[in-house]
Structure formats: structure tokens, C-alpha cells
Amino acid sequence: MTEKRRSDILILGIETSCDETSAAVLKNGTDLLSHIIASQIATHQKYGGVVPEVASREHILHFREVVGQALKEAGVDFQDLAAVAVTNGPGLVGSLLVGVAGAKALAYAAGIPLIGINHLEGHIYANFLMHPELEFPFLALLVSGGHTHLVYFRGHGDFDVLGHTRDDAAGEAFDKIARALGLGYPGGPQIQKAAEHGDAFAFELPRAMLEPGSLDFSFSGMKSAVLNTMNSTRMKGIELSVPDVAASFQQSVIDVLVRKALLAQQNTGAQTVLLAGGVAANALLRRNLAERLEERGVKLLYPPPMLCTDNGAMIATAGYYHYLDRDFAPLTLNAVPGLGLV
Amino acid sequence: MKFLTIDTTTKVTALALAEAGSVVAEGFLHTRKTHSERLLPMLDQLLTAADWKLKELGFIGVVRGPGSFTGIRIGLATAQGMAQVLNLPLVGVLSLDALAWAGWGRSELIVPLLDARKHEWYTAAYRFDDMTQRPERVLPPQASAPAEWVLRLADMGERILFVGDAVTPYEDYLHQALGDRLVILPEYVRLPRGAYTVQAVWQKWLADPQGERVEPYYIRKSEAEVNWERKFGGKQDD
Ligand SMILES: [Zn+2]
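Residue numbers (our numbering), protein chains in the order written: chain A, 35 to 376; chain B, 1247 to 1484.
Printed below as a string of C-alpha cells:
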């Protein structure tokens, strides 16, 4: 049993936007009492990627157990909670709806406030869990399977999106190349592993920077370049080195991410940069970006790998700050698959 | 024993508060808004209007399918979430079993038709039993193509009463196929209603007053599963 006082603020965070059913109980914004993640990776592996209807079916099968386990491990009852925070977008609509409907019912039955959290904000707020002393303003580079965003934060809920991807997200590009290389799903970790023994400069690949000064991203051209290189190598009868392709592609994506982040840092003068999202777990990205920022005396923060992928702890963390602002959602809260950062 | 029932398996959001087999309050919404937006606000209004508190409930009944996949999950997630907090038993019933109560006391074969998309119906057949005073299943739940199903029903040589949300779009078709053997009730009787769910749920509770782990009942596998099995073989049933 965890010691709790009446003044403690306990938030139950729920995340079901894609292929993880997750719930966490967070005390006072920093003390993670429990964190349960039921991953569906094994279920989707045979399809080579996340199948929305299959994901929704998995969520409803595991939702109750995941929530129950989170409360049990935290040693708390629903009556001890201050609020329920849930991802209501962006994501797969069927998956989001399981979490939203479930969270609404939990909050309503417990008679406590409901908080709707933007999944992207959740990813960024995973950093607050590790670094509650984190000060504004800061720059966040959010890189995941569905999103690539550069966001400048002045305060809680006060931010500007400086740039985002115009086509594929970085993680999506990793997934597609991983599939083409026969590395399987999810692509990011597979590419990183294959790249370990590869030559990052074996293939010359473009670094799409778009028009001068742009902070937007475009990865589809880079992805096509890799696929073309793979084809022409095979046509010439040369055996393709999977590690070399993986390493070259990984390096090209990371170079673009690092250059754009540096440009945004220079433009904003932010003295802290955060990494967030599934691709933030990429070791090379962390190392390359940290080195370049260090030259400028700028701090780089990122969450541990477990908090980079989709999880309930980051939703509980974002929920905590919304709770302090009394920013609650009505019972009409709906899932918004295309919810943006505004 | 007070209970609540939830049915979001069709485009109708059907809620009811009941005490034993009697309906105390009923909610019926057949609008464009999503279940997700209107379900809990409607429940909140019903409870307030009936002057009931959630903590007075003895159990929660929920329709677990077949019907809209998303609708099934919204209803179940909602029922399950409330049951979890309030520590209440759950009772799950089928949409078709609940709809069969629309044919209470009738002598015809009772056939619920629910829109299953892809030009199919979720359906089954029932007969009202004078002894038990309830509709008893004669043909099991299935997803069926209209032509196939109508042929099978016609073979039974009886008058047939159709209920459910797929009756309206197929009314002409049914007329042509079955002629004067067809019986269609007015829409306000044949669409899903909280009152029907209450009957199905209450009967089930009487038979086994414990509750259960309720899982969705889709009838159909997901398209991805079907395609995968077609490609790589694998078990046909679960
Ligand atoms: Zn994510």
C-alpha cells in the first residue's frame, strides 16, 4: 500500500489510441504508482502492421483488466482518484472510442472529473514526469509512427506548432522501409537493430530540407529513394546489404530531424529541447541531437524508452496539469481521430 | 432489484432503467449524433428524471451484439466501466434476442433483421412460447444474405413477423419475396427499445442471478482475419 494523504492528487491516465491498451495511476504529477501496458504488437505482427478493427477488438477485451490492474498495483480505489484522463485523439477512431467510452463511464460512476488529452501533448508531457522541474519555454521534437512535429512551448497549454510532416511521419517511413527489407513490424526498433552493423554512408540518400527556412518535414521522397536504390541494386545482381540500407536510411532521417531541430532552436533561442514519441527511443537520434545541441550549450531531455511509446503514464501526467487548471471535459467528449495540436 | 440496460448496437441509442421486469424510465435516440456523444448525457438525464442514484443499481445489462462493431464496443466499455467502479454484476444479451420481445404474444415466426452491411443481415428466428411466455429461439444467430435467408424462411411455410432496423430498407424486397405471408409491425414497435432489452436481461438474470464476464459478440471476424486465413489457411471456427 502506498501512503496517501487527502491532499494528494491521484490521476488515472488511460491510453488506447493505437495498439497499446494502457493505464497508469500518477500521484501529484511525479509519483508513478502504477503503469500497465498491454501491447498488441504480437497480435498485429502477422498482418505486418496495425489493423484498426483488430486493435479495437483487443482494446475492449483488455480494457477492464488493464484499468483494474493499474488501481490494484497503485493500492488505490476509484474513490481515491481526483480525475480520469484519457486520450481522445489523434489516433484510430475505433481504438480511441474504447478508451473514451470506458473512461467516461469510470469518471461518471466515480463522480469525478473527466479530462480529454491530446495524444501528442501526452507524448511531450512524458518529459514532465521525469523532469517536473522543467522550465518554459522549450522546444519539443515529437517523432512517432503517426507524427513528426516541432512545437515551441511558452507555458502549459500555450504553444505554437513550428513545423510538421507534409507526408509520412518519420516512424511511418521506418515501418515502410523495414517492411521492404523484410525486417518486420514495428519498424523503428528493427531498423535501429539492423543498422548497428551497417555502414551509414554505403548509400547516398537525399536529405529533404524543403524550401529554405522551412521547419516542415517530408520523408516520402527519402523513402522512395531507398526503395529505388534497393531495386536498382538487385537489378544489377548485386547482393543487397540489409544493415547498410537500414543504417543509411536511419542516418538520412536522423540528419533531417537534427537539422530542423537545430534551425528551430536557433530561431526560438530555446535553451531546452525535448524529444518525445516512439522514435525518441532511437539511440542514434538522441546521441546526434545531444552532441549538436551541446555545442550550443542547449540541454536535451528525453523520456526513458518505456515512456516514449504510447502509454497511460504520459496521459496521466498531461492530465495532472489540466487538473490543476480545472480544464475538464463534458460527458459528450468524443474521439477525434484527426485531432491536431492547436 | 433495480438495473440499467444499454443498447448501442444499431443507430438507436436505447437505454432503460428498470425494477424487476418493469420499465421505470426509457431513453430512445435515433438521431445523427454518435453513441459516444449522447450515451452518458442521456443516462445522466434519465437518472435525474427518475430520481435514481447509480448506487441503487443491483446490476447492469448490456447488449453485446451482433450489430455495429463500434457500437458494440461503446456499449460494452460503458457498461463495463460503470460496473467496475460500482462493483456491480454485468449481464450480456444478444441484440436479436432482445428484439424478439417486440413479437410478444404473436403467433407468427418472429425474425429480427439487423443491418450487417455488405448487403447482409444479422438475423435469427424465434417463436413465442405460450407456456414460457417468452420468445424462444428456433434458428441460431447468423450473418446471412437476404436471398438465402428468405428462401430458408419461406420453406418453413409460416407467416413471418419481421422486426429490426433492416426492415425499412428491405420492405419492398420482403413483400415481393413473401407476399401475404409477410407481417410488418410499425417502426416504433420494430426498432430496438430499452424495454425489449429489459425483458431479455431480466429473464437472463432470473435464470442466473450472478452476472458474468461479458464479451462482444460480433458474429463476423474482422476483414483482416478473414483475408489472412484465406491466404494462409488456419482454423475456420474459434
Ligand atoms: Zn503515440
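Where is the CB? At the ideal position from N, CA and C, for every residue including glycine.
It should be emphasised that the depicted structure is a prediction, and the values quoted were computed from it without experimental measurement.
Check your understanding: Among residues of its own chain, excluding the 5 on either side of A/G232, which ones have a beta-carbon nearer than 8 Å to its beta-carbon?
Key -> If you number the first sequence from 1, residue 232 of chain A lands on position 198. Around A/G232: S275, V276, P277, D278, V279, A280, A281, S282.
Review point. Enumerated in chain order, which unbroken segments of the alpha helix (DSSP H) with a length of 4 residues or greater are wholly contained in the stretch 146–196 of chain A?
Key: 153–164
**Study point:** Residues that A/I94 contacts on chain B, provided the C-beta gap is smaller than 9 Å
**Key:** As a first step, residue 94 of chain A is located in the first sequence; it is residue number 60 there, counting from the start. Result: I1318, R1319, L1322, A1323, Q1326, E1461, P1462.
Check your understanding: Is the beta carbon of A/G218 within less than 7 Å of some heavy atom of ligand 1?
Key -> As a first step, residue 218 of chain A is located in the first sequence; it is residue number 184 there, counting from the start. Result no, Cβ not under 7 Å from ligand 1.
Exercise for review: Let me know if A/D202 comes out buried or exposed under the rule of 16 or more other beta-carbons within 10 Å of its beta-carbon.
Suggested key: Within the first sequence, the letter at position 168 stands for residue 202 of chain A. Counting Cβ neighbours within 10 Å, A/D202 comes out buried, since at least 16 surround it.
Check your understanding: Are the Cβ atoms of A/V88 and B/S1353 separated by less than 8 Å?
Key -> Numbered from its first residue, the first sequence carries residue 88 of chain A at position 54. Numbered from its first residue, the second sequence carries residue 1353 of chain B at position 107. Cβ distance not < 8 Å, so A/V88 and B/S1353 don't count as in contact.
Review point. Residues of chain B with CB under 9 Å from A/G271, in chain order?
Key: Locating residue 271 of chain A in the first sequence gives position 237, counting from the first residue. Those do not exist, as A/G271 stays about 30 Å from chain B at its closest Cβ, beyond 9 Å.
**Study point:** Where the stretch 1379–1403 of chain B meets chain A: residues whose CB sits under 9 Å from a CB there
**Key:** none
Review point. Whole beta strand (DSSP E) runs in the stretch 291–365 of chain A with 3 or more residues, listed along the chain?
Key: 306–310, 333–335
**Study point:** Check: A/D344 C-beta below 7 Å from any heavy atom of ligand 1
**Key:** Within the first sequence, numbered from 1, the residue matching residue 344 of chain A stands at position 310. Indeed, a heavy atom of ligand 1 lies less than 7 Å from the Cβ.
Point to revise | Strand pairing of A/G211, partner residues [DSSP] | key: As a first step, residue 211 of chain A must be located in the first sequence, where it is residue number 177. Per the sequence shown, residue 211 of chain A should be read as Ile rather than Gly. Paired residues: none, contrary to the question.
Practice item. Let me know if B/K1477 comes out buried or exposed under the rule of 16 or more other beta-carbons within 10 Å of its beta-carbon. Key: For the purposes of this step, residue 1477 of chain B is taken as residue 231 along the second sequence, with counting starting at 1. So B/K1477 counts as exposed.
**Study point:** Exposure label - B/E1302; buried when at least 16 CB within 10 Å
**Key:** Counting from 1 along the second sequence, the entry for residue 1302 of chain B is found at position 56. B/E1302 comes out exposed.
Exercise for review: Let me know the secondary structure DSSP gives B/I1318 once reduced to three states.
Suggested key: For the purposes of this step, residue 1318 of chain B is identified with residue 72 of the second sequence, where counting begins at 1. The answer is helix: DSSP assigns B/I1318 an H, G or I state.
Review point. Is the closest heavy atom of ligand 1 to the C-beta of A/G312 under 7 Å?
Key: Indexing the first sequence from 1 puts residue 312 of chain A at position 278. Checking the Cβ of A/G312 against ligand 1 gives yes.
Review point. Is there at least one Cβ from chain A nearer than 8 Å to B/L1332's Cβ?
Key: Indexing the second sequence from 1 puts residue 1332 of chain B at position 86. It does; some Cβ of chain A falls within 8 Å.
Point to revise | A/S178 Cβ short of 7 Å to ligand 1 heavy atom set | key: Sequence index remark: in the first sequence, residue 178 of chain A carries index 144 (1-based). Yes, Cβ of A/S178 sits closer than 7 Å to a heavy atom of ligand 1.
Check your understanding: Can you tell me whether B/Q1482 is buried or exposed, with buried defined as 16 or more other CB within 10 angstroms of its CB?
Key -> As a working mapping, residue 1482 of chain B is identified with position 236 in the second sequence. Low confidence applies to B/Q1482: its pLDDT is 49, below 50, so where it sits in the model is not reliable, and the reading given next is rough at best. Exposed.
Review point. Any heavy atom of ligand 1 within a distance shorter than 7 Å of the CB on A/H93?
Key: Taking the first residue of the first sequence as 1, we reach residue 93 of chain A at position 59. A/H93: no, Cβ never under 7 Å from ligand 1.
Practice item. Write down every uninterrupted run of the beta strand (DSSP E) in the stretch 86–138 of chain A whose length is 3 residues or greater and which is fully enclosed by it, in chain order. Key: 117–123
Exercise for review: Report the three-state DSSP secondary structure of A/V276 (helix, strand or coil).
Suggested key: Walking along the first sequence from the start, residue 276 of chain A turns up at place 242. If DSSP states are grouped into helix, strand and coil, A/V276 belongs with the helices.
**Study point:** Through-space distance from A/A352 to A/I158, alpha-carbon basis
**Key:** Position 124 of the first sequence, counting from 1, holds the residue named residue 158 of chain A. Position 318 of the first sequence, counting from 1, holds the residue named residue 352 of chain A. So the alpha carbons of these two residues sit roughly 9 Å apart.
Point to revise | 7 Å Cβ shell around B/A1412 - same chain, five flanking residues per side excluded | key: As a position in the second sequence, residue 1412 of chain B is number 166, starting the count at 1. Hits under 7 Å: L1359, L1360, D1361, W1367.
Check your understanding: Relative to the C-alpha of A/S286, which residue among A/L375, A/L173, A/I211 is closest?
Key -> In the first sequence, counting from the first residue as 1, residue 286 of chain A sits at position 252. Per the Cα distances, A/I211.
Exercise for review: Taking only heavy atoms of ligand 1 into account, decide whether any of them is closer than 7 Å to the Cβ of A/H153.
Suggested key: As a first step, residue 153 of chain A must be located in the first sequence, where it is residue number 119. Because some heavy atom of ligand 1 lies under 7 Å away, the Cβ of A/H153 counts as near it: yes.
**Study point:** Selection of the stretch 94–119 of chain A by Cβ proximity to chain B, strictly under 8 Å
**Key:** I94, L95, F97, R98, V101, G102, F112
Review point. Taking 7 Å as the cut-off, is the CB of A/H157 close to at least one heavy atom of ligand 1?
Key: Counted from its first residue, the first sequence places residue 157 of chain A at position 123. Because some heavy atom of ligand 1 lies under 7 Å away, the Cβ of A/H157 counts as near it: yes.
Review point. What distance in whole Å lies between the Cβ atoms of B/W1298 and B/L1261, which are believed to be in contact at a cut-off of 8 Å?
Key: Here the question's residue 1261 of chain B lines up with position 15 in the second sequence. Here the question's residue 1298 of chain B lines up with position 52 in the second sequence. The Cβ separation is near 12 Å, so there is no contact.
Review point. Any Cβ of chain B within less than 8 Å of the Cβ of A/E87?
Key: Taking the first sequence and counting its residues from 1, the one referred to as residue 87 of chain A is at position 53. Output row for A/E87: interface = yes.
Review point. Less than 8 Å separating the beta-carbons of B/P1462 and B/L1322?
Key: By 1-based counting over the second sequence, the position of residue 1462 of chain B is 216. By 1-based counting over the second sequence, the position of residue 1322 of chain B is 76. Result yes, Cβ atoms of B/P1462 and B/L1322 sit closer than 8 Å.
Point to revise | Rounded distance between the beta-carbons of B/T1256 and B/V1339, thought under 8 Å | key: Position 93 of the second sequence, counting from 1, holds the residue named residue 1339 of chain B. Position 10 of the second sequence, counting from 1, holds the residue named residue 1256 of chain B. Not a contact, Cβ separation roughly 14 Å.
Practice item. Identify whether A/A234 lies in helix, strand or coil by the three-state DSSP scheme. Key: Reading the first sequence from its first residue, position 200 is the one you call residue 234 of chain A. Note: A/A234 maps to coil in three-state DSSP.
Exercise for review: Alpha carbon to alpha carbon, how far is A/D361 from A/P147? Give it in angstroms, no decimals.
Suggested key: One-based indexing of the first sequence puts residue 147 of chain A at position 113. One-based indexing of the first sequence puts residue 361 of chain A at position 327. Answer to the nearest angstrom: the Cα atoms are 9 Å apart.
**Study point:** Of the residues A/D250, A/S41, A/M164, A/D192, the one placed nearest A/R200, counting alpha carbons only
**Key:** Residue mapping note: residue 200 of chain A aligns to position 166 of the first sequence, counting from 1. Of A/D250, A/S41, A/M164, A/D192, the residue nearest in Cα terms is A/D250.
Check your understanding: On the three-state DSSP scale, how would you describe B/Y1442?
Key -> Counting from one through the second sequence, the residue named residue 1442 of chain B turns up at place 196. Residue state, collapsed to three classes: helix.
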